[in-house]
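All remarks here apply to the structure that follows.
Numbering (our numbering), first residue to last: -5 to 233.
Set out below in structure tokens:
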């Protein structure tokens, strides 16, 4: 007796076609693949505290190596640099200055005191009293060089001294009383009693020095010989 037949009163349900089901499966597979790939390439979690503690020593050491300055070492290097420069400049300046200083003239007062082997000044009176005529003894002379003091036949002191350094290679030349000349034991050079060369290989005579007496103390004094060398009649080679 109703208005609609029973067949038309049943519940309506959605209808799916086979193509729609295939499309849904494909989308599900693509979504799963994307999620897996993103998880695989995602960065691993990092413990920030551990990383900062591990990098701190490296950064500190790098900072130390780059910015730390040892002041003591810097001062030492500065002193070495200044000292080297001073030595170099001084070594060049001293000979230059000495070149322009006039040599002390012979015969003037205020010479270098003659000293014995112990460094004591030699007194003229005492020295002559202790030596015999013809004696050739060494004393410390100009620049500390060994220099002969010569006693003449009349017992007085010769007015010049002879530097005992051989002009060949610098050996100290002894006096040979038996041969009445200076004879070098190193290479055979020989010198006359005045210091003139009588046998080589020495090329030059022994250097001369004036001998005087201090008027107050009586000390024997050496002065530079700057005038003509009486043995060669030429300019002194040691000047």
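Ideal placement from N, C-alpha and C gives every residue a C-beta, glycine not left out. Small disclaimer: the values here were computed from a predicted structure and weren't measured.
Contacting residues, own chain, Cβ-Cβ under 8 Å from residue i (five flanking each side not counted)
i: residue 170; result: 176, 177
i: residue 207; result: 118, 213, 214, 215
i: residue 174; result: 187
i: residue 180; result: 160, 162, 163, 165
i: residue 223; result: 199, 202, 229, 230, 231
i: residue 140; result: 132, 133, 134, 157, 158, 159, 166
For residue i: DSSP bridge partner residues
i: residue 109; result: 115, 134
i: residue 159; result: 166
i: residue 228; result: 223
i: residue 184; result: 177, 193
i: residue 122; result: Answer is none; residue 122 lacks a bridge partner.
i: residue 203; result: 155, 218
i: residue 145; result: 151
i: residue 140; result: 134
i: residue 213; result: 117
Sequence-distant residues of the same chain with beta carbon closer than 6 Å to residue i, five excluded per side
i: residue 131; result: 143
i: residue 134; result: 109
i: residue 88; result: none
i: residue 210; result: none
i: residue 104; result: none
i: residue 156; result: 142, 189, 200
i: residue 56; result: Low local confidence applies: a pLDDT of 46 at residue 56 is under 50, so the model's placement there is unreliable, with the coordinate-based value given in what follows. Same-chain partners within the cutoff: there are none.
i: residue 147; result: 127
Through-space distance from residue j to residue i, alpha-carbon basis
i: residue 145; j: residue 152; result: 6 Å
i: residue 81; j: residue 126; result: 49 Å
i: residue 191; j: residue 69; result: 57 Å
i: residue 203; j: residue 136; result: 8 Å
i: residue 150; j: residue 182; result: 31 Å
i: residue 114; j: residue 189; result: 26 Å
i: residue 76; j: residue 65; result: 16 Å
i: residue 228; j: residue 198; result: 12 Å
i: residue 107; j: residue 158; result: 17 Å
i: residue 83; j: residue 225; result: 40 Å
i: residue 124; j: residue 185; result: 26 Å
i: residue 121; j: residue 85; result: 40 Å
i: residue 172; j: residue 91; result: 46 Å
i: residue 112; j: residue 154; result: 22 Å
Residue i burial status per 10 Å Cβ neighbour count (16 or more: buried)
i: residue 217; result: buried
i: residue 138; result: exposed
i: residue 74; result: exposed
i: residue 78; result: exposed
i: residue 167; result: buried
i: residue 196; result: buried
i: residue 116; result: buried
7 Å Cβ shell around residue i - same chain, five flanking residues per side excluded
i: residue 232; result: 201
i: residue 194; result: 183
i: residue 129; result: 145
Neighbour flag for residue i against chain C, beta carbons, 8 Å
i: residue 223; result: Annotation note: the requested chain C is absent from the structure, which comprises a single protein chain.
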